[in-house]
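Note sheet for the following structure.
Numbering (the working numbering), first residue to last: 3 to 226.
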């Protein structure tokens, strides 16, 4: 068998998964669940299209208005990653709690993106906690912080890398669409975001499993 036809090595377990493998597994999940995952890109595609040519203050308002849609997309990505179908009440709690958590990130992102990413690394896992574990209220928030503290560097690095991959990929794709297909800037941005941004949500959902596994491995190490 030639080197070009050798199967890919199996992915590492979540507790030892690296930042790069989070991105790779997000892409793999996206390709495996493409039809269900593609709509994840709609909220960010719509928000970015509206935000073209706006001021920083206007971008913040757009992000705040779109916050529930972003949160719903993250909850849907979490359900896809876990292969679960939460009841309606769980979806509602995920959107409400996730929106509250996302507000500070929306305020900071247009002028200091890294601070927003750092904040979401700390508390953003509230959404998969609600979606997958059926967490409620402050208990879900405390659980998200517990997951973050298991390996904050991994959480921050994974989210930052996902954001960088998203930004670079969508800029390149938008440029190609703009140059080759004679699209308007808004149309190119919309299509690029629609296609690329599901990786961002799916990767953030997979991060939940990494952090949960690290919490478990840390507990076992302390007992041994």
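We put the CB at the ideal spot given by N, CA and C, even for glycine. These numbers come from a predicted model, not from an experiment.
Alpha carbon to alpha carbon, how far is residue 100 from residue 131?
Taking the chain shown and counting its residues from 1, one reaches residue 100 at position 98. Taking the chain shown and counting its residues from 1, one reaches residue 131 at position 129. In a straight line, the C-alpha of residue 100 is about 10 Å away from that of residue 131.
Under 8 Å, with one C-beta from each stretch per pair, do the region 96-115 and the region 151-160 reach the 3-pair mark?
no
Taking the alpha helix (DSSP H) that residue 110 belongs to, which residues open and close that run?
What you label residue 110 is simply residue 108 of the chain shown in a count that begins at 1. Per DSSP, residue 110 belongs to the alpha helix (DSSP H) from 90-110.
Taking C-alpha atoms, which residue in 187, 158, 191 and 163 lies nearest to residue 172?
Translated into the one-based positions of the chain shown, residue 172 becomes position 170. Of the listed residues, the one whose Cα sits closest to residue 172 is 191.
Tell me whether the region 29-38 and the region 54-65 touch, counting them as touching only if at least three CB pairs, one residue from each stretch, are closer than 8 Å.
In this structure the region 29-38 does not lie against the region 54-65, because fewer than three pairs of beta carbons, one per stretch, are closer than 8 Å.
Residue 16: buried (16+ other C-beta within 10 angstroms of its C-beta) or exposed?
Taking the chain shown and counting its residues from 1, one reaches residue 16 at position 14. Counting Cβ neighbours within 10 Å, residue 16 comes out buried, since at least 16 surround it.
With burial defined as no fewer than 16 other Cβ atoms inside 10 Å of the residue's Cβ, what is the status of residue 72: buried or exposed?
Numbered from 1 along the chain shown, position 70 holds the residue referred to as residue 72. Flag for residue 72 reads buried.
With a threshold of 8 Å on Cβ separation, who are the neighbours of residue 120 within its own chain once the five nearest residues in sequence on each side are excluded?
The residue labelled residue 120 in the question sits at position 118 within the chain shown. The residues are 158.
If distances are taken between C-alpha atoms only, which option among 215, 14 and 25 comes closest to residue 200?
The residue labelled residue 200 in the question sits at position 198 within the chain shown. If we check each option's Cα against that of residue 200, 25 comes out closest.
My assumption, with CB atoms under 8 Å, is that residue 134 sits in contact with residue 80. Please give the rounded CB distance.
Position 132 of the chain shown holds residue 134. Position 78 of the chain shown holds residue 80. So it is a contact: roughly 6 Å between Cβ atoms.
Is there contact between the region 105-112 and the region 83-92, where contact requires at least three CB pairs shorter than 8 Å?
Touching, no, given that fewer than three Cβ pairs across the two stretches are closer than 8 Å.
Are the beta-carbon atoms of residue 137 and residue 164 separated by less than 7 Å?
By one-based count along the chain shown, residue 137 stands at place 135. By one-based count along the chain shown, residue 164 stands at place 162. Judged by their CB atoms, residue 137 and residue 164 are not nearer to each other than the 7 Å cut-off.
Are the Cβ atoms of residue 194 and residue 83 separated by less than 7 Å?
On the chain shown, position 192 is the one that residue 194 refers to. On the chain shown, position 81 is the one that residue 83 refers to. No; because the gap between Cβ atoms is not below 7 Å, this pair is not in contact.
Here's a check: name, in chain order, each residue in its chain whose Cβ is nearer than 8 Å to the Cβ of residue 54, leaving out the five neighbours to either side.
Mapped onto the chain shown, residue 54 falls at position 52. Same-chain partners within the cutoff: 187, 188 and 191.
Which residues in the same chain as residue 40 place their Cβ atom closer than 8 Å to its Cβ, once the five residues preceding and following it in sequence are excluded?
The residue labelled residue 40 in the question sits at position 38 within the chain shown. 196, 197 and 200, listed in sequence order.
Hey, quick one: how far does the alpha helix (DSSP H) through residue 78 stretch, first residue to last?
Here the question's residue 78 lines up with position 76 in the chain shown. Residue 78 -> alpha helix (DSSP H) spans 58-84.
Take residue 217 and list the residues in its own chain whose beta-carbon comes closer than 7 Å to its own, dropping the five residues that flank it on each side.
Counting from one through the chain shown, the residue named residue 217 turns up at place 215. Contacts found: 148, 149 and 152.
For residue 169 and residue 156, what's the separation of their Cα atoms in angstroms?
Taking the first residue of the chain shown as position 1, residue 169 is located at position 167. Taking the first residue of the chain shown as position 1, residue 156 is located at position 154. Computed Cα separation, rounded: 20 Å.
Contact set for residue 225: own chain, Cβ-Cβ below 7 Å, skip 5 residues either direction:
Counted from its first residue, the chain shown places residue 225 at position 223. Bear in mind that a pLDDT of 39 at residue 225, under 50, signals an unreliable position, so the number given afterwards is only what the model happens to contain. Correct list: empty, nothing qualifies.
Under 7 Å between the Cβ atoms of residue 128 and residue 146?
Working through the chain shown from its first residue, we reach residue 128 at position 126. Working through the chain shown from its first residue, we reach residue 146 at position 144. In contact: residue 128 and residue 146 (Cβ atoms closer than 7 Å).
Endpoints, alpha helix (DSSP H) assigned at residue 121:
Working through the chain shown from its first residue, we reach residue 121 at position 119. That run of the alpha helix (DSSP H) goes 115-125.
Along the chain, where does the alpha helix (DSSP H) that runs through residue 22 open and close?
Taking the first residue of the chain shown as position 1, residue 22 is located at position 20. First-last of the alpha helix (DSSP H) with residue 22: 21-34.
Just to confirm before moving on: does the CB-CB distance between residue 42 and residue 77 stay below 7 Å?
Walking along the chain shown from the start, residue 42 turns up at place 40. Walking along the chain shown from the start, residue 77 turns up at place 75. For the pair residue 42 and residue 77, the CB atoms are not nearer than the 7 Å cut-off.
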